[in-house]
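Enquirer:
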Amino acid sequence: MKRIISITIFTVMSLIFLSLNATAGCSGGCCGEITSVYHTIHGDDDITIYVIIKNTGSSFCSYRVDLYNEWDYRLMSFPLIGYIYLFPNEETTVFFTTTGLFPPFKLPDLGIEYTVNLTCAGCTSELDSVTKNVVPEGCRDYLGVNCVEVGKEIGDDAGNKVKCEGGGSCIINCEIKEGNCYCSLIHTCVGECVNKSEEREEPFCMFYPDFVCDGNFSCADNSTPTTSCSTVDECKIRCADACGKLTNCSDNCEACCLGETCMKTTYSSDERYACLNSCFGVCNMRKIICDIEGLLRAVAIWVAIVLFTFHSFKFLVYSGDPEARRKAKLGMLYVILGLLLFMIAIP
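Taking the numbering used here as reference, the numbering of the sequence shown is continuous, increasing by one, and the terminal residue is 1349.
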């Protein structure tokens, strides 16, 4: 529906004229330029057209921006009453909002034409000259920030072409510079790209909870952990982080992480940092646990020696008491069994 609206409404918008009205006392120093025209889509029908106007003259001047159709019928003006006042080299953004019903657009596919430059008109509101420019075909349906399906190539040869490759879709920004269509890739989505939601006004990538880090995303040892990410760039970082958590390092963490877990040559600096950060965390935790286990083992051995010595002493002292000697022997046996069980539990 959004594609249809962008074609049937935006591509039929014909002319944006800039009306110049110099302030009293000016002497030909009021010139204007529309430096940019772009749009955003709000839902299925609502579209906002943004126009950036700049005072390129040498005087403090007043301006009005009018939206006309091909038949020179004025559809809207900004502002509705009065004028925009700008100092020399100052610029501002005005906007027009359409719904597809008002103002009515019932013209054939004419493309978008808008005013680019206006020559100084002195102290009158008459336009001295108007230069028209048609939006390049490459930007026709994708002007501004939009979602693009995988495999789609947009832009033009004179500007910059971008093709959506990898993943499931892309977020691409297209703008007009000197009459050419320049497009740039913002994000490559793992799955679906959404133009708008109740929470977000700008296009965004849907969040996918399960992403398998295989292929170029796999770890240095070719393991393939599962992580959560929504864009390809984010997945690279998340997968590197997941690979770092799979480390077997437990001692000499720096050498181990750099030499084994995070040695993948294709890692970027951000990916390597994410991998090393998680690897160091896991390795240092294991090292602390090993130190605690060693301390407990030493304490257990010391306690076992003391208890074994105590029961041995009882066995020797009570040579004339068979019952006491029997209990002493059981005590020594329990100490040995307890020590063996402890050593098995904490290897």
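All C-beta atoms, glycine included, are put in the ideal place defined by N, C-alpha and C.
Please read all numbers here as calculations on a predicted model, not as lab measurements.
Could you tell me whether the stretch 1285-1295 touches the stretch 1251-1261, where touching means 3 or more Cβ pairs closer than 8 Å?
Expert: Cβ pair count under 8 Å is three or more, so yes.
Enquirer: Report the rounded CA-to-CA distance for Lys1331 versus Val1308, giving the unit in angstroms.
Expert: 15 Å
Enquirer: DSSP state of Thr1263, grouped into three classes?
Expert: Helix at Thr1263.
Enquirer: Would you kindly work out how many angstroms separate the C-alpha atoms of Glu1325 and Lys1316, rounded to a whole number?
Expert: 11 Å
Enquirer: Answer yes or no: do Ser1171 and Cys1195 have a C-beta to C-beta separation smaller than 8 Å?
Expert: yes
Enquirer: Using beta carbons (cut-off 8 Å, strictly below), is Arg1202 in contact with chain B?
Expert: The displayed structure is made up of one protein chain only, and chain B is not part of it.
Enquirer: Cβ of Asn1175 within 8 Å of Cβ of Cys1185?
Expert: Asn1175 is a Cβ neighbour of Cys1185, given a cutoff of 8 Å.
Enquirer: Mind listing, in chain order, the continuous beta strand (DSSP E) runs of no fewer than 3 residues lying wholly within the stretch 1135-1199?
Expert: The stretch 1135-1199 contains these whole beta strand (DSSP E) runs: 1146-1151, 1171-1179, 1182-1191.
Enquirer: Might you give, ordered along the chain, the residues of its own chain that have their beta carbon closer than 8 Å to the beta carbon of Trp1199, omitting 5 neighbours on each side?
Expert: Reading the sequence as shown, one finds Ser at residue 1199 and not Trp. Excluding sequence neighbours, Ser1199 sits near Phe1206.
Enquirer: For Tyr988, which residues does DSSP report across the bridge?
Expert: Nothing about residue 988 can be read from this structure; the chain reaches only from 1003 to 1349.
Enquirer: Out of Tyr1210, Glu1177, Tyr1085, point me to the one whose CA is closest to Gly1160's CA.
Expert: Strictly speaking, residue 1160 in this sequence is Ala, with Gly absent from that position. If we check each option's Cα against that of Ala1160, Glu1177 comes out closest.
Enquirer: Can you give the Cα-Cα distance for Val1301 and Phe1312, rounded to whole angstroms?
Expert: 17 Å
Enquirer: Between Ser1314 and the rest of its own chain, which residues show a CB-CB distance below 8 Å, the 5 nearest in sequence each way excluded?
Expert: Ala1330, Met1334
Enquirer: Tell me whether Ala1296 is buried or exposed, calling it buried when 16 or more other Cβ atoms sit within 10 Å of its Cβ.
Expert: The identity of residue 1296 in the sequence shown is Gly, whereas the question assumes Ala. Gly1296 should be labelled exposed.
Enquirer: Going by the DSSP bridge assignment, what does Asn1057 pair with across the sheet?
Expert: BP columns for Asn1057 point to Gly1034.
Enquirer: Please state whether the Cβ-Cβ distance between Ile1083 and Ile1054 is less than 8 Å.
Expert: no
Enquirer: In three-state DSSP terms, what is Ser1280?
Expert: Three-state result, Ser1280: helix.
Enquirer: Taking Gly1153 and Val1164 to be in contact with their CB atoms under 8 Å, please state how far apart those CB atoms are, rounded to whole angstroms.
Expert: The pair is not a contact, with the Cβ atoms about 12 Å apart (cut-off 8 Å).
Enquirer: Decide if Ser1271 is buried, meaning its Cβ has at least 16 other Cβ atoms within 10 Å, or exposed.
Expert: exposed
Enquirer: Using DSSP with H/G/I as helix, E/B as strand and the rest coil, what is Cys1215?
Expert: coil
Enquirer: Tell me whether Ser1314 sits in a helix, a strand or coil according to DSSP, three-state version.
Expert: helix
Enquirer: So, Cys1264 versus Gly1283, is the Cβ gap smaller than 8 Å?
Expert: no
Enquirer: Identify whether Arg1066 lies in helix, strand or coil by the three-state DSSP scheme.
Expert: strand
Enquirer: Judging by CA-CA distance, which residue of Asn1279, Asp1235, Cys1259, Met1208 is the nearest neighbour of Asp1223?
Expert: Cys1259
Enquirer: Can you list, in chain order, the residues of its chain with a C-beta nearer than 8 Å to that of Glu1256? Leave out the 5 residues immediately preceding and following it.
Expert: Phe1282
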